[in-house]
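Number of protein chains: 2
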Amino acid sequence: MPVLVMKFGGTSVANLDRIRRAAKRVGVEVAKGYDVIVIVSAMSGKTNELVGWVNETSPMYDAREYDAVVSSGENVTAGLMALTLQEMDIPARSWQGWQVPLKTNSAHSSARIEEIPNDNINAKFAEGMKVAVVAGFQGVSPEGRITTLGRGGSDTTAVAFAAAFDAERCDIYTDVDGIYTTDPRVAPKARKLDKIAFEEMLELASLGAKVLQTRSVELAMRYNVKLRVLSSFEEPSDTAGTLVCAEEDIMESNVVNGIAYSREEAKMTLISVADRPGIAAKIFGPLSEAGINVDMIIQNIAEEGRTDMTFSCPTEQVKRAEKALNEAKERGDINFHDLVADTNVCKISAVGIGMRSQSGVAAKMFKTLSDEGINIKVIATSEIKISVLIDRKYMELAVQALHDAFELDKAA
Amino acid sequence: MPVLVMKFGGTSVANLDRIRRAAKRVGVEVAKGYDVIVIVSAMSGKTNELVGWVNETSPMYDAREYDAVVSSGENVTAGLMALTLQEMDIPARSWQGWQVPLKTNSAHSSARIEEIPNDNINAKFAEGMKVAVVAGFQGVSPEGRITTLGRGGSDTTAVAFAAAFDAERCDIYTDVDGIYTTDPRVAPKARKLDKIAFEEMLELASLGAKVLQTRSVELAMRYNVKLRVLSSFEEPSDTAGTLVCAEEDIMESNVVNGIAYSREEAKMTLISVADRPGIAAKIFGPLSEAGINVDMIIQNIAEEGRTDMTFSCPTEQVKRAEKALNEAKERGDINFHDLVADTNVCKISAVGIGMRSQSGVAAKMFKTLSDEGINIKVIATSEIKISVLIDRKYMELAVQALHDAFELDKAA
Chain A
1 MPVLVMKFGG TSVANLDRIR RAAKRVGVEV AKGYDVIVIV SAMSGKTNEL VGWVNETSPM
61 YDAREYDAVV SSGENVTAGL MALTLQEMDI PARSWQGWQV PLKTNSAHSS ARIEEIPNDN
121 INAKFAEGMK VAVVAGFQGV SPEGRITTLG RGGSDTTAVA FAAAFDAERC DIYTDVDGIY
181 TTDPRVAPKA RKLDKIAFEE MLELASLGAK VLQTRSVELA MRYNVKLRVL SSFEEPSDTA
241 GTLVCAEEDI MESNVVNGIA YSREEAKMTL ISVADRPGIA AKIFGPLSEA GINVDMIIQN
301 IAEEGRTDMT FSCPTEQVKR AEKALNEAKE RGDINFHDLV ADTNVCKISA VGIGMRSQSG
361 VAAKMFKTLS DEGINIKVIA TSEIKISVLI DRKYMELAVQ ALHDAFELDK AA
Chain B
1 MPVLVMKFGG TSVANLDRIR RAAKRVGVEV AKGYDVIVIV SAMSGKTNEL VGWVNETSPM
61 YDAREYDAVV SSGENVTAGL MALTLQEMDI PARSWQGWQV PLKTNSAHSS ARIEEIPNDN
121 INAKFAEGMK VAVVAGFQGV SPEGRITTLG RGGSDTTAVA FAAAFDAERC DIYTDVDGIY
181 TTDPRVAPKA RKLDKIAFEE MLELASLGAK VLQTRSVELA MRYNVKLRVL SSFEEPSDTA
241 GTLVCAEEDI MESNVVNGIA YSREEAKMTL ISVADRPGIA AKIFGPLSEA GINVDMIIQN
301 IAEEGRTDMT FSCPTEQVKR AEKALNEAKE RGDINFHDLV ADTNVCKISA VGIGMRSQSG
361 VAAKMFKTLS DEGINIKVIA TSEIKISVLI DRKYMELAVQ ALHDAFELDK AA
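Order-wise, the sequence lines are chains A and B. Going left to right, the first sequence walks through residues 1 to 412 as the UniProt record's numbering numbers them. Going left to right, the second sequence walks through residues 1 to 412 as the UniProt record's numbering numbers them.
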């Protein structure tokens, strides 16, 4: 039987009614002849509640215990989904990460998948089971402890299963009906894309578009998994949603295909760092070990032999980053005068494969922001994106202005 | 190091403040030099919420999925408790049932413990861990699926760990400060007992006193585990609570030591059963297989060759019992005219070891109820208890009248 992976996010399983609705979609695919692997998130709000409890209990928490706590929401949904399918006379059972087992490394709270043996689940498919409901976001470490894959990890779980089971497609059901040129709540003129290249999606996901987790897109690109994002609240059709696919499958494309933003980005500056060879490694090594997701990095020469080092990271990781850097300072690994965190910024990015062959995109972006009186604090560029940090209060204005300037409301 | 087992029920870990409070008690015992095994329940209300979801999703649920769902509450508390202890600089980690592993049979929703290997946890104690926080109520089946031990199963988990680790004592922290002659909310004259015999506690627990799960007391009796019930809301002392102990450790005792009641008892009657040899086995075999906890059984001869069979079981199991019996009827194993469930009854029991050597207890009980105008529907007796089913509306009245009649407000 061909295998289909279907992933339902938190809002798609927010309550029993929505779980039933999702189960009906699964039933449609089972009726088509698929063996289905369903990946479920926790009911919306549950994981945040658990994370809140952990943070309140222990701000510098033991990540192994964090994982044991926050993984529980998915187990609940998996069981309830299996029961709902059984009520529809569809043979189904739930699987927790350690039961599959979804093997990860020991990097708790942001573990990486190492292996998904498919024999246990395939044996059940062979016995007549039609749907394996798998708790997303979680796995088991070589030490036998529960790991989690980081926020949004259920997307990664879904794509990894699609790869491990050679699935025909991986459908990601969420609360939006596809990938937009930007967030429609911020810019009402935002337009749904029928197709988007893996590379573009990667930039949009990592920049806070929040529809798909970055790693899930990376994995899909590496294993060439057909990935479709679609709404669980619309009537299903074969052309629904947005297909995330290889660049060569897209005929025409705008220069800029999306404007992304992220509110949860903080700007951290190490002031007057002694500028020795290898200093960057000494700064970013400890941050990496502490699991900090450093994004933009800017280095300015401040004075002879000293430098200011600025980087951005998720706001929620600021405390851990400060701890890691201060400890490195105490060990004498690095030397700086001050560490300043600015959590009142946001990141805005323009993304498009077309940038590769078109010049003047950056200039147009900077002029657009300048015309609106928006001051740019940090700039970073890559082959297919330009990102800036600006004051958070200008976020909506900047997104709308850039969306207009690049005419994203019009298809290529 | 001597090992102490401490179990905290749902109200003792109802929120983060209470978890901290419980953790402080654990800290006191660690300071005395104990290696402590803490067994935690789900935060109060959580398990009921999960059970509600399962029932709403699938009234005739697959018990394997039920277990996967409802066991999640304890995992949350275990992780949070471990984090709280770590914040107090006490080396601690959490263990889920499958990690210990707490091995059970495959009787999902009411699994029996088969083995608790102590090598994993003892290895960690040897490495310096002071507290193992274990998620109560759950285990793992030979098939590698999550099992639960039935409601209140965390008490059983605690006693089983006390036996497996040869613990000095098993302290059960709950929301009451000990075992009372009856429920103080029903009879204000109820008196706290300093000691109670295992046998008496067994009858009280199984009859709905709800302080300790029956199986936990059975286990404690079999392995001679010193079991203490005490409140997590009072200042600790060495004489706090009630000690559940062997009969020979109690010098003086009243004839009746407790009046128990249960609201969650239903009366089921199979009307006009064909009375063949072995019919009782044919009726109660399927009920046992369906996991129904049958309590009282009464058989009346109704007419030649036919009989009425009445039994009581928990109200929540009525649907499953009906299903099991109707299926047995369809298979032709049993034959009855009608199956009537009365869920509007309650059970009242008088319990006391002194009954063994004293006659007239039953007569006094029946006269007391009769004087209050209460009609008795079913009677069942054992060596140390007398139970009756009566209309539920008379429950409080019956408990108070019996408490007065047997002078339970006075110590022996």
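Glycine included, C-beta positions come from ideal geometry on N, C-alpha and C. Here the structure is a predicted model, which is why all the values come from computation and not from measurement.
Give me the residue from 205(A), 164(A), 284(A) and 405(A) with the minimum Cα distance to residue 325(A).
Locating residue 325(A) in the first sequence gives position 325, counting from the first residue. Of the candidates 205(A), 164(A), 284(A) and 405(A), the one whose C-alpha sits nearest the C-alpha of residue 325(A) is 284(A).
Test: residue 181(A) CB closer than 8 Å to a CB of chain B
Residue numbering aside, residue 181(A) sits at position 181 when the first sequence is read from its first letter. Answer no: the Cβ-Cβ gap between residue 181(A) and chain B never drops below 8 Å.
For the segment 327-337 of chain B against the segment 270-283 of chain B, do three or more pairs of beta-carbon atoms, one drawn from each stretch, fall closer than 8 Å, so that the two count as touching?
Put simply, the segment 327-337 of chain B touches the segment 270-283 of chain B. At least three CB pairs are less than 8 Å apart.
Test item: CB-CB of residue 269(A) and residue 310(A) under 8 Å:
Your numbering for residue 269(A) matches position 269 in the first sequence. Your numbering for residue 310(A) matches position 310 in the first sequence. Contact flag set, yes.
Buried versus exposed call for residue 410(A) [16 or more other C-beta atoms within 10 Å across all chains shown]
Counted from its first residue, the first sequence places residue 410(A) at position 410. The residue is exposed, with fewer than 16 neighbouring Cβ atoms inside 10 Å.
With 16 as the cutoff for other CB atoms within 10 Å, does residue 126(A) come out buried or exposed?
Walking along the first sequence from the start, residue 126(A) turns up at place 126. Burial call: exposed.
Buried/exposed call for residue 251(A), threshold 16 Cβ in 10 Å:
Taking the first sequence and counting its residues from 1, one reaches residue 251(A) at position 251. By the neighbour-count rule (16 or more Cβ atoms within 10 Å), residue 251(A) is not buried but exposed.
So what does residue 309(A) bridge to, in DSSP terms?
In the first sequence, counting from the first residue as 1, residue 309(A) sits at position 309. Looking at the DSSP output, residue 309(A) sits in a beta bridge with 270(A) and 299(A).
Residue 102(B) versus chain A: which residues are under 9 Å apart at the beta carbon?
The residue given as residue 102(B) occupies position 102 in the second sequence. None at all; the shortest Cβ gap to chain A is about 14 Å.
Would residue 32(B) be called buried (16 or more neighbouring beta carbons within 10 Å of its own) or exposed?
Against the second sequence, residue 32(B) aligns to sequence position 32. Burial call: exposed.
How big is the Cα-Cα spacing for residue 86(A) and residue 229(B)?
Taking the first sequence and counting its residues from 1, one reaches residue 86(A) at position 86. Taking the second sequence and counting its residues from 1, one reaches residue 229(B) at position 229. The C-alpha of residue 86(A) lies about 41 Å from the C-alpha of residue 229(B).
Identify each residue in the segment 84-117 of chain B for which the Cβ-Cβ distance to at least one residue of chain A is less than 8 Å, and report them in chain order.
Result list: 84, 86, 87, 93, 94, 96, 98 and 99.
Beta-carbon spacing of residue 348(B), residue 378(B) below 8 Å:
Position 348 of the second sequence holds residue 348(B). Position 378 of the second sequence holds residue 378(B). Their beta carbons are not under 8 Å apart, which means residue 348(B) does not touch residue 378(B) by this criterion.
Determine the extent of the beta strand (DSSP E) in which residue 6(B) is found, giving its start and end residues.
Here residue 6(B) corresponds to residue number 6 of the second sequence, with the count starting at 1. Looking at the DSSP string, the run of the beta strand (DSSP E) that includes residue 6(B) is 3-8.
Using CA atoms only, rank isn't needed, just tell me which of 320(A), 365(A), 169(A) and 1(A) is closest to residue 58(A).
What you label residue 58(A) is simply residue 58 of the first sequence in a count that begins at 1. Closest option to residue 58(A), Cα to Cα, is 320(A).
Under 7 Å Cβ-Cβ, which residues of chain B neighbour residue 149(A)?
The sequence position of residue 149(A) within the first sequence is 149, counting from 1. Neighbours of residue 149(A) on chain B: none; closest Cβ ~17 Å, over 7 Å.
Interface residues of the segment 2-25 of chain B facing chain A [CB-CB below 7 Å]
So the list reads 16, given in the order they occur along the chain.
If we call anything under 8 Å between Cβ atoms a contact, is residue 111(B) one with residue 96(A)?
What you label residue 111(B) is simply residue 111 of the second sequence in a count that begins at 1. What you label residue 96(A) is simply residue 96 of the first sequence in a count that begins at 1. The Cβ-Cβ distance between residue 111(B) and residue 96(A) does not fall below 8 Å.
Which word fits residue 166(B), buried or exposed, when buried means at least 16 other C-beta atoms lie within 10 angstroms of its C-beta?
To locate residue 166(B), count along the second sequence from 1; it is residue 166. So residue 166(B) counts as exposed.
Just to check my reading of the structure: residue 225(A) and residue 162(A) have Cβ atoms closer than 8 Å, yes? What is that Cβ distance to the nearest angstrom?
The residue given as residue 225(A) occupies position 225 in the first sequence. The residue given as residue 162(A) occupies position 162 in the first sequence. Confirmed, Cβ separation roughly 5 Å.
Residue 410(B) (DSSP reduced to helix, strand or coil)
Sequence index remark: in the second sequence, residue 410(B) carries index 410 (1-based). Looking at residue 410(B) - three-state DSSP - the assignment turns out to be coil, as it is neither helix nor strand.
Nearest neighbour of residue 355(B), chosen from 376(B), 328(B), 386(B) and 373(B) [CA to CA]:
As a working mapping, residue 355(B) is identified with position 355 in the second sequence. Nearest to residue 355(B) by alpha-carbon distance, out of 376(B), 328(B), 386(B) and 373(B), is 386(B).
Simplified DSSP assignment, three categories, for residue 189(A):
Within the first sequence, numbered from 1, the residue matching residue 189(A) stands at position 189. Look at residue 189(A) here: in three-state DSSP terms it is coil, with no helix or strand label.
Let me see if you follow: with CB-CB separation under 8 Å, is residue 141(A) close to chain B or not?
On the first sequence, position 141 is the one that residue 141(A) refers to. Using beta-carbon distances, residue 141(A) does not count as an interface residue toward chain B, since no partner is under 8 Å.
How big is the Cα-Cα spacing for residue 61(A) and residue 71(A)?
Here residue 61(A) is taken as the residue at index 61 of the first sequence, counted from 1. Here residue 71(A) is taken as the residue at index 71 of the first sequence, counted from 1. Here the alpha carbons of residue 71(A) and residue 61(A) stand approximately 15 Å from one another.
Starting from the beta carbon of residue 56(A), find every residue of chain B whose beta carbon is closer than 7 Å, and list them in chain order.
By one-based count along the first sequence, residue 56(A) stands at place 56. Ordered by position in chain B, the residues that pass the 7 Å Cβ test against residue 56(A) are 16.
Is there a Cβ of chain B sitting closer than 8 Å to that of residue 69(A), yes or no?
On the first sequence, position 69 is the one that residue 69(A) refers to. Taking Cβ atoms only, chain B reaches closer than 8 Å to residue 69(A), which makes this a yes.
Would you kindly check if the distance between the Cβ of residue 158(A) and the Cβ of residue 7(A) is under 8 Å?
Locating residue 7(A) in the first sequence gives position 7, where the first residue counts as 1. Locating residue 158(A) in the first sequence gives position 158, where the first residue counts as 1. Their beta carbons are under 8 Å apart, which means residue 7(A) touches residue 158(A) by this criterion.
Please state whether the Cβ-Cβ distance between residue 108(A) and residue 259(A) is less than 8 Å.
If you number the first sequence from 1, residue 108(A) lands on position 108. If you number the first sequence from 1, residue 259(A) lands on position 259. No, Cβ-Cβ distance for residue 108(A) and residue 259(A) is not below 8 Å.
So for residue 285(B), helix, strand or coil by DSSP?
Residue numbering aside, residue 285(B) sits at position 285 when the second sequence is read from its first letter. Helix.
Shorter than 8 Å from the beta carbon of residue 413(B) to some beta carbon of chain A?
Examination of residue 413(B) is not possible in this model, given that chain B is present from 1 through 412 alone.
Let's see if you can read the secondary structure: which residues bound the alpha helix (DSSP H) around residue 121(A)?
Counting from 1 along the first sequence, the entry for residue 121(A) is found at position 121. Note, residue 121(A): alpha helix (DSSP H), 119-127.
Find out if the Cβ-Cβ distance for the pair residue 322(A), residue 341(A) is shorter than 8 Å.
Here residue 322(A) corresponds to residue number 322 of the first sequence, with the count starting at 1. Here residue 341(A) corresponds to residue number 341 of the first sequence, with the count starting at 1. Result yes, Cβ atoms of residue 322(A) and residue 341(A) sit closer than 8 Å.
Per-residue DSSP class, three states only, for residue 413(B)
Residue coverage of chain B in this structure runs from 1 to 412, which leaves residue 413(B) outside it and unanswerable.
For residue 94(B), which residues of its own chain have a beta-carbon under 6 Å away from its beta-carbon, when the five flanking residues on both sides are left out?
The residue given as residue 94(B) occupies position 94 in the second sequence. For residue 94(B), where only same-chain residues beyond five positions count, the Cβ hits under 6 Å are 78, 79, 82 and 133.
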